[in-house]
Structure formats: structure tokens, C-alpha cells
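S.K.:
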Amino acid sequence: MKHLLARPRVLLSISTLLLAALALYMLTVGTAAVPIDAVFSVILDQLFGITSPDISSTQQIIVWNIRWQRVALAMIVGSGLAVSGACFQTMFKNPLADPFVLGVSSGAALGAAISIVTHRTELMIILAFTGAILSLTLVYFFGQRSVHIRSDQQLLLAGIACGAMLNAILSALVALHSGQMQMILFWLMGSLTNYMDSLLPILVIVVLGLAGALLYARDLDVMALGDEEARFLGVDVAKVKLFLLVSTTLMTGACVSVSGIIGFIGLIVPHLVRKLIGPEHLILLPLSAICGAGFLLLADGLTRLVPLVSGIPVGVVTALFGSPFFLYVLYTAGRRIQ
Amino acid sequence: MDRSKWLYLISGVLLAAMLLTPVLSTKQQERPQQGPAASYDKPQRIVSMSPGNTEILFALGAGDRVVGVTSYSDYPEEAKSKPTIGGYHAPDVEKIVALSPDVVFAMTDIQTKYIHILKQAGIRVVAVEPKTLPEIIAAIDVISEAIGEQDRGRELHLTLSTQLAQVRKLVGDAPPRRTFLEVWDAPLLTVGRQSFIHDLITQAGGINVSADKNVDYTPCDIETLYAYNPEVYVVLSHSRNDTRSFITGSNLADIAAVKTNQVFSITDDLLQRPGPRSFTGLVKLAEILHPQEMKDWETK
Amino acid sequence: MNILQIQSLDVGYNSKTVLQDINLAVTAGQFISVIAPNGTGKSTLLKAIAGILKPMSGTICLHDKALTNYSRRELAQQIAVVGSEVTMQEYTALQMVLMGRFPHIPRFSGPTPHDHTIVQTAMEEAGVWDKRLQSCSELSQGERQKIIIARALAQQPKLLLLDEPTAHLDVSNQFSILHLIKKLALNKDMAVIAVMHDINLALQFSTDLLFLKKGRILAYGNCRDVATSYNLRQLYDMDFTLHSDAAATYVRPNIME
Chain A
2 MKHLLARPRV
12 LLSISTLLLA
22 ALALYMLTVG
32 TAAVPIDAVF
42 SVILDQLFGI
52 TSPDISSTQQ
62 IIVWNIRWQR
72 VALAMIVGSG
82 LAVSGACFQT
92 MFKNPLADPF
102 VLGVSSGAAL
112 GAAISIVTHR
122 TELMIILAFT
132 GAILSLTLVY
142 FFGQRSVHIR
152 SDQQLLLAGI
162 ACGAMLNAIL
172 SALVALHSGQ
182 MQMILFWLMG
192 SLTNYMDSLL
202 PILVIVVLGL
212 AGALLYARDL
222 DVMALGDEEA
232 RFLGVDVAKV
242 KLFLLVSTTL
252 MTGACVSVSG
262 IIGFIGLIVP
272 HLVRKLIGPE
282 HLILLPLSAI
292 CGAGFLLLAD
302 GLTRLVPLVS
312 GIPVGVVTAL
322 FGSPFFLYVL
332 YTAGRRIQ
Chain B
86 MDRSKWLYLI
96 SGVLLAAMLL
106 TPVLSTKQQE
116 RPQQGPAASY
126 DKPQRIVSMS
136 PGNTEILFAL
146 GAGDRVVGVT
156 SYSDYPEEAK
166 SKPTIGGYHA
176 PDVEKIVALS
186 PDVVFAMTDI
196 QTKYIHILKQ
206 AGIRVVAVEP
216 KTLPEIIAAI
226 DVISEAIGEQ
236 DRGRELHLTL
246 STQLAQVRKL
256 VGDAPPRRTF
266 LEVWDAPLLT
276 VGRQSFIHDL
286 ITQAGGINVS
296 ADKNVDYTPC
306 DIETLYAYNP
316 EVYVVLSHSR
326 NDTRSFITGS
336 NLADIAAVKT
346 NQVFSITDDL
356 LQRPGPRSFT
366 GLVKLAEILH
376 PQEMKDWETK
Chain C
39 MNILQIQSLD
49 VGYNSKTVLQ
59 DINLAVTAGQ
69 FISVIAPNGT
79 GKSTLLKAIA
89 GILKPMSGTI
99 CLHDKALTNY
109 SRRELAQQIA
119 VVGSEVTMQE
129 YTALQMVLMG
139 RFPHIPRFSG
149 PTPHDHTIVQ
159 TAMEEAGVWD
169 KRLQSCSELS
179 QGERQKIIIA
189 RALAQQPKLL
199 LLDEPTAHLD
209 VSNQFSILHL
219 IKKLALNKDM
229 AVIAVMHDIN
239 LALQFSTDLL
249 FLKKGRILAY
259 GNCRDVATSY
269 NLRQLYDMDF
279 TLHSDAAATY
289 VRPNIME
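Protein chains in written order, with this note's numbering: chain A, 2 to 339; chain B, 86 to 385; chain C, 39 to 295.
(1) Is the stretch 83-96 of chain C in contact with the stretch 43-62 of chain C, if contact means three or more CB pairs nearer than 8 Å?
(2) If you measure from the beta carbon of B:T333 to each beta carbon in chain A, is any gap under 8 Å?
(3) If you pair each beta-carbon of the stretch 224-244 of chain B with each one of the stretch 284-295 of chain B, do three or more pairs fall below 8 Å?
(4) Select from the stretch 328-359 of chain B all residues with a C-beta closer than 8 Å to any C-beta belonging to chain A, and list them in chain order.
(5) Measure how close the beta-carbons of C:T78 and C:L250 come, nearest whole angstrom, since I'm counting them as under 8 Å.
(6) Consult DSSP for B:G120 and reduce its assignment to one of helix, strand or coil.
(7) As a quick exercise: from A:M27, A:L303, A:P325, pick the residue whose alpha carbon is nearest that of A:V315.
(8) Does DSSP put C:L42 in a helix, in a strand, or in coil?
(9) At a cut of 8 Å, does the stretch 77-96 of chain A reach the stretch 256-267 of chain A through at least three beta carbon pairs?
(10) Assuming B:F143 contacts B:P161 (C-beta within less than 8 Å), just tell me the rounded distance between them.
(11) A:I1: buried (16+ other C-beta within 10 angstroms of its C-beta) or exposed?
(12) Note down, in chain order, every chain B residue with its Cβ under 7 Å from the Cβ of A:M252.
(13) Label B:G257 either buried or exposed according to how many other C-beta atoms from any shown protein chain fall within 10 Å of its C-beta, with 16 as the threshold for buried.
(14) Can you list, in chain order, the residues of its chain with a C-beta nearer than 6 Å to that of A:V140? Leave out the 5 residues immediately preceding and following it.
(15) Return helix, strand or coil for A:V175, following the three-state DSSP convention.
(16) Starting from C:G138 and walking both ways along the beta strand (DSSP E), at which residues does that stretch end?
(17) Can you round the beta-carbon distance between B:P136 and B:S166 to whole angstroms, since I take them to be within the 8 Å contact cut?
(18) Counting only Cβ-Cβ distances shorter than 7 Å, please list the residues of the stretch 161-184 of chain B near chain A, keeping chain order.
(19) Look up B:T169 in the DSSP assignment and give the residues it is bridged to.
(20) Alpha carbons only, please: which of A:I278, A:K240, A:D228, A:L200 is nearest the one belonging to A:V72?
(21) Determine the direct distance from the alpha carbon of B:H323 to that of B:S335, and round the result to whole angstroms.
(22) Take every Cβ of the stretch 225-234 of chain A, pair it with every Cβ of the stretch 107-122 of chain C, and state whether three or more of those distances are shorter than 8 Å.
(23) One question on the structure: do C:V289 and C:A265 come within less than 8 Å of each other, judged by their Cβ atoms?
(24) Tell me the rounded alpha-carbon separation between C:L297 and C:Q179.
(25) Grab me the residues of A:C292's own chain with a C-beta within less than 6 Å of its C-beta, minus the 5 sequence neighbours each way, in chain order.
(26) Would you mind reading off the limits of the alpha helix (DSSP H) that contains C:N211?
(27) How would you write the range of the alpha helix (DSSP H) that C:N269 sits in, first residue to last?
(28) Say whether chain A places a C-beta atom closer than 8 Å to the C-beta of C:M296.
(29) Quick one: any contact between the stretch 261-277 of chain C and the stretch 213-224 of chain C, if contact means 3 or more CB pairs under 8 Å?
(30) Closest to A:F142 by CA distance: which of A:L243, A:L251, A:L174, A:T319 is it?
(31) What separation, rounded to the nearest whole angstrom, lies between the Cα atoms of C:I87 and C:G253?
(32) Can you grab the Cα-Cα spacing for the pair A:D99 / A:T253, in whole Å?
(33) Would the C-beta of B:E179 count as close to the ligand MN, meaning under 7 Å from any of its heavy atoms?
(34) Can you check the stretch 200-250 of chain A for any alpha helix (DSSP H) of at least 4 residues that lies completely inside it and give the ranges in chain order?
(35) Whole angstroms is fine: what's the gap from C:L248's alpha carbon to C:E112's?
(36) List, from N- to C-terminal side, the alpha helix (DSSP H) runs of 4 residues or more that fit wholly inside the stretch 278-334 of chain A.
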């Protein structure tokens, strides 16, 4: 394993293959009983046009339209959230930061809730995304007073305050429209069944976000030493932070608007990967993306494999596994200080 | 190093294929060929995505053709034995598709995205969401047309609209009674004017005291209830042994409804499920609000 | 040619002036120790020279070009700053020192073998090459300080700024680091400005001394010329006794009985 860790390119390739295998396996998982050979026939048909006579079009629809979209969405959202979390943890030098720390999720939730209570659910994704962007604008406006050394803290505080305010508005909305409470709650808990016309926009946003973060991977490494030390080493800290802030927020906003609030991926996965291969961002970011995708695939798969948790939204499952892990990290960190 | 480059390339291509193909191929699927074209006019495999739609389907005599219902579709009795497709907030699309339905009946508002994916999958979806009693009758027309039960549909249409007209004739002239309808006791929840139940109250000869609220359900507190001072207090009971209610739990002896012993209870299904039984609910509500005018009503 | 030229510099924070009328010319080979009582603004001077703090008036020129005309990246190619970093990082020593090449590596490419050679040389000179694969958080204070110095060296700067580089180190580490810095100043055509807290250490290794008092230059020049009991009394309001031997000059404060 150590030998593998010393060859990052190989590690990345192998993890990508594992992810692809996991995704293919997830295509066979679902409430409708589709035999494995049927799944493969559908895949061969769609990818290479090799039609097989004995698969019914029903099976085709299930595997292709329904499951594949879900699998692709899980991979896109999982990777987007993990990369955002990794960036935020470095940018704020805070191991507890996650993509929602600046209140983006609250803005998106409010947007989605508005679409629900005004009975315009076809606008849900657009309104959620708008809410996410607006909340960031608010946070950035209040959090960036000057190029002070302490502006990180100010940004985080503004994020907390704006998030709280938006949550309050959301709660008020829910209280006034109790009839839609269940629907809003379901959205909040996160799901991968928000089917949409095309996954292309969100794929583009997440891929661009990852590419942008990779572009500044070495800057992020240097920034991890401290803002001042980074400036001494030639990093344009203000510019890099602004760029990363905007791109990760777009990524997070896109993910949240299509899948609701799926927590803990942005928090846990970067930590896990860091423990595995260290903090170098050129490997941390892509591997976090891959592991985030895999993690969400697994969580979603669990909701479909285990009948006990089949009704539970995927965001709850990630939290169910995230919290004990989080506690474990706190515990070991505390031990090390002693 | 050469070998790892190939590894890299293959895994990258595979991943790209996995992600891009569903994204790029948004072509609509052809409708699954189930049988002769007659199945369009008289669909043999029907799925209902709401309890109300289930009741309508059974009332139209198509119960034997129903192959899937939502988990709370418990009326009539036969509906309980049908395969379930999940709750109506988060139905399991896979299960619906696996049932190979000829037509699926959904709710317009809260099931938009599921309607979307089903249509994309080439499945025929008919969406209705009646918010008033006349809209229920219209929905029955749509559904009966879709399943090829036009005759039964016309019959039901006639029965129900007659029922409605008769109730209106009997209670329409009597002074409407101020009514508070308790949907839930803790927290106290009542209905605003966007609620289906609001329409029921109005048609039954009542005035919804919280009609000023432009929402469907709305919370209420004891002071506001006191200020409303309703003449009639109706409690929705949610199960056979459910006798809890806000009014009995509190000491609101001064409210008109309590003073004149006008506190009643109705099964929630009759008022919360837009379907044929809503008209039974209408009658029951009218009997509560205007017992004198309704005393000659024959119960079928 | 002067590496650094400071003229009539006033610098401070939030319209409060910390340093006034600073004039300084620095050439290669110099090792200047900045000595001042606490709170005089030694770190402020370093921040101004590094381009972090904008002057209120006056100019700072690097290679006869005003600091403000350099980009952040260009500055980092010329000036390296060593503080006493306390952040524990999980990066390996090698990764840490490689970051010193950041200003020299263009955005869309990675480190070249040339960069790696520079890093190795820097680490060998600092005596930390054998620890290159170890995580920084596992190393001692002294080793970490050496790694940071190696990183500064990997920047291949013309001007090395140090802010109390030996603050948390034991005696042997103090000596080995200062010895290294002095050797590099001479051999690498580099100038060194170091804020020092220990005047004796400064005397042993620097070529020049800069005394700051109340935000102004009290004295600047050759060690021997500046370290007089008169100047020291002005600086610290205390009497000092000077001892000299073949190796160096030592000062000792007179303790009142």
C-alpha cells in the first residue's frame, strides 16, 4: 500500500477504475428486480449499440433512464461536495469547514421552499440555485470589509449569521405553509431522485469547478501555511481566495439545488483522503472527488439495498455515518494534543 | 510508467463514458410495446400515485385493472392488497416502471419531477389535482375518459353533481355557520382558504373562520381561536380510536361551540382525500352544520 | 549596486506611524542584524521591505526599482522571508521546501528536475535532506526551522529577511543556523537582514548592526563601530560592559546591586 501511495498517478487511476466498477454495480441495485446480465445488455446497447433481443424495454428504461441518471448524479454531486469541502478546509484553515459553512445551503433551501409554497415546483432547481448565489453575495458583501488579516474570520461569521437568518426565514415559511411541510422537509434531507431534463449543466459546473481548483492546487498548498507566509512566497492570496470562493460556491450551489442538503461528504471525505495521502492538493483534490463520488454512491446504494433504510433520504444516511466518524476525528485529535 | 499511463487513459475514458452518456443522450424512449393499440383506449395496467386517485379508479369499476398504488391507498378494501409503489411524496419510480403500466395517474403539484421522469421514460401520465368539489367531478371525467370507462364516468358524474346540487339546495339559503376545523391538535392546525377542506366547508353551508389565511394548512393559537369564537367546532379524527383534540384538552368553555355543545368529529379520510368519498364528507358536514335542513336526507 | 535602497521611509498601521525617516542601503554579502527594544517596530520594518506593508511616505527600491512596481510573484523571486512558523503541517519536509520554488514555477507547469536539484541543494546545506520524507509535524522545532530556512534558500532570493529566526531554538541549533546563514550571505551573493533578540548572537555572526529606537535609526554600520557602550546605553537605557577576545565581542549588562 505504501508503494502505491508513492505513485499518485497509479493511485488515481486505480481509484477511478474502482469507482467505475462501483457505479456499474450500483446499476444492478434497485427495487425492481433486473438480473445482472440484463443490466449489462442495456449498457452494451446504449454505449456501443449492441442490441440484445431478450431485454424488455421496461428493463431498459429502468436501468438507463432511472438508475443511470441516479448513479451519474450521485457521482457528480459527491465529487462536487468533496472538492468544495477540501478547498474550504484549506482556505479557512479550519478542519471543521464544509461546503455549507458559508450559508450556501440555507439560501438554496429557501429558494427550493419558495418554489414549493408558490406551487411552481418546475422552477425548483433554478430557484434553489439562485438562492445559493444570492446568499453567497450577501455573505461576501458583509464578510469582506478590508484586506485585513482577520477577514477569514469575518467571512465565516458572516456565513453563520446569514445562514441563520435564511434558516429563520425558511422556518417561518414552513410554519405558515404547514401543508407543504413534508415536501420541504424531504427536499431538505437530500435526495438523488430529483429528476431533471439534462444533467449537462451540473456536470459542466462541477467539472469546471474541479478544474479551477486544480489550477490553484499549488497555491492552496502554500496558503495552508498561512496567508502571510503565502504572500511571502508569491501567492496572490486575495485573488486566489476570491476565485476559489466563487467557483466552489457555484459548485456547491449547483449540487445543493439538484439534490438538497447532503451533509458530511464535504466534511469527511477530504479528511479521510488527507489521512491516506497527505495534504498535497494536486492529489488531494482529484482523489477527494473520486472518493466523494464513491461515498455518495455507497450511501445511495444502502438506501436501496437495505429495506430497513429504504425510505430514508440519502442526506440522512450520510449524516448517520458522518457523525460517528466526526466524533472519532475529534477524539483522536484530542488524544494527540495530550 | 508506460503501463500506468494506459491505466490512466482507460479509467478516464470509462469514467467519462459513465458520466457523459446519460447526460448527452436525452432522447425520449419509445413507449414500451405492451400489446395491441386497444390498450390506449382501455388501459389494462393502471398505476395510481395518490389515495384519492385510487378511490376514483375503484369507484369507476377499474379496480381489477389497477396494478400499483401508493402506500396509503387503503380504500376500498381491495386496494389494500395491491402492490405499493411508495408514498405519494416520494414514490419509487423504478417500481412504477417495473409494473409496465399503460397509464399512471399522478398529482400535478407535488409530483412534478416524477411525472417528468415517467414521461421521459415513455410512460403515459395523466395528472390531476382537484382542489374543490367541482374539480373532483372534472377529474373523474378526465380519469374515466383515460381508462375507457366513459359510461361509468358519466354515471358517477351525475350522482356526485346531483348530490352536490341537492346539498346546496337544502343548505344554500340557511345562514352559514362559523366553523373551525381542527386538522391536528398539537400543534393546533386549521385550514386556510387554499385548502380543499375550505371548499367543503363553504359548500356545506359554513364559513371557515380562518378563511383570511391564503394558505392550505395554517397553525393557530388559543388566543386566535378564542377571538374566532366559532359556532361549530369540527375535529378530524385520524384513526378509529382517536379521540384527542385540542378543544377537549383545553379549558375553552367560553367558546360558542363549546357552550352550545357543537363539537363534532369526522373521519379525516372523508375530508382530506379528494375523491368520491369527499361527497359523503360533504353530506356529513352539512348534517353537522345544518341538521334541520338536512334532516330529510336519505342515507343510501 | 545596492540590492535594497530605503529612502525617508515612514511606515505604520492605521495612520499611526511606527517607523520614521528610515534610510538604508544594503549590498550583497551584508548580514545586518536589527536590534531594538520590544515594540519598536522591527517586524514592521521587515513587512515593509517584503512589500506587505505600504509605506506612508518615502520609497523602498529593490534593484533600483520601486517595490510597488513588482508583482507579488516577482517580489517572491527576489525576497525570501523566514519567520518562526508555528503552524504544524502534515506536509513532508521535501514538499515544504519545494514550495519555495513556487514563485519560479509558471502556472501551467510543474516542478522541473532543475527545481528538484535546487531543493536538494538547499536541504543539504541546511542539513535536513535526510529527513525529506518525514512529516513536518513529527520533527523538532530546530529541524522545522531549518526546513523553513531551506525553503527560503530554495527561493534563491537576493535578499533574505529573518524575523527572530532563533527564537525557540537551543544553543547548538542557534549557532548552526546562524553559521549557515552567514556562510550563504557571503557565498551566494545575497544580503541578509535579520531581526535578532540576542545582541551577542548578532555580534558573533553579522557584518552590520542596525539599532532602532523610538521608530528611528539610532545607529547603523559595521558591528565594531556600532556596538559601543554609548550606543547601547542610548538604545536600552542601561549600562553595558564590553568584552573582546580573538573570536568576537560580547556585551554584558551591568547589573545594579
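Ideal placement from N, C-alpha and C gives every residue a C-beta, glycine not left out.
M.R.: If we stick to the structure as given:
(1) yes
(2) no
(3) no
(4) none
(5) 5 Å
(6) With a pLDDT of only 47 at B:G120, under 50, the local geometry of the prediction cannot be trusted, and the value read off the model is given with reservation. Coil, per DSSP.
(7) A:L303
(8) strand
(9) yes
(10) 5 Å
(11) Any question about residue 1 of chain A goes unanswered here, given that chain A covers just 2 to 339.
(12) What A:M252 touches in chain B: nothing, since even the nearest Cβ is about 15 Å away.
(13) exposed
(14) L103, G104, A159, G160, C163
(15) helix
(16) First-last for C:G138: undefined, no H or E at that position.
(17) Not quite, the Cβ-Cβ distance comes to about 15 Å (not below 8 Å), so this is no contact.
(18) H174, A175, D177, V178, E179, K180, V182, A183
(19) B:V154
(20) A:L200
(21) 19 Å
(22) yes
(23) yes
(24) In the structure as shown, chain C begins at 39 and stops at 295. Residue 297 of chain C is therefore absent and cannot be evaluated.
(25) V270, V274
(26) 209-225
(27) 267-274
(28) A query on residue 296 of chain C cannot be resolved here, the shown segment of chain C reaching from 39 to 295 and no further.
(29) no
(30) A:L243
(31) 15 Å
(32) 10 Å
(33) Questions concerning the ligand MN fall outside what the structure shown contains, since it holds no ligand whatsoever.
(34) 201-216, 218-224, 228-233
(35) 27 Å
(36) 282-306
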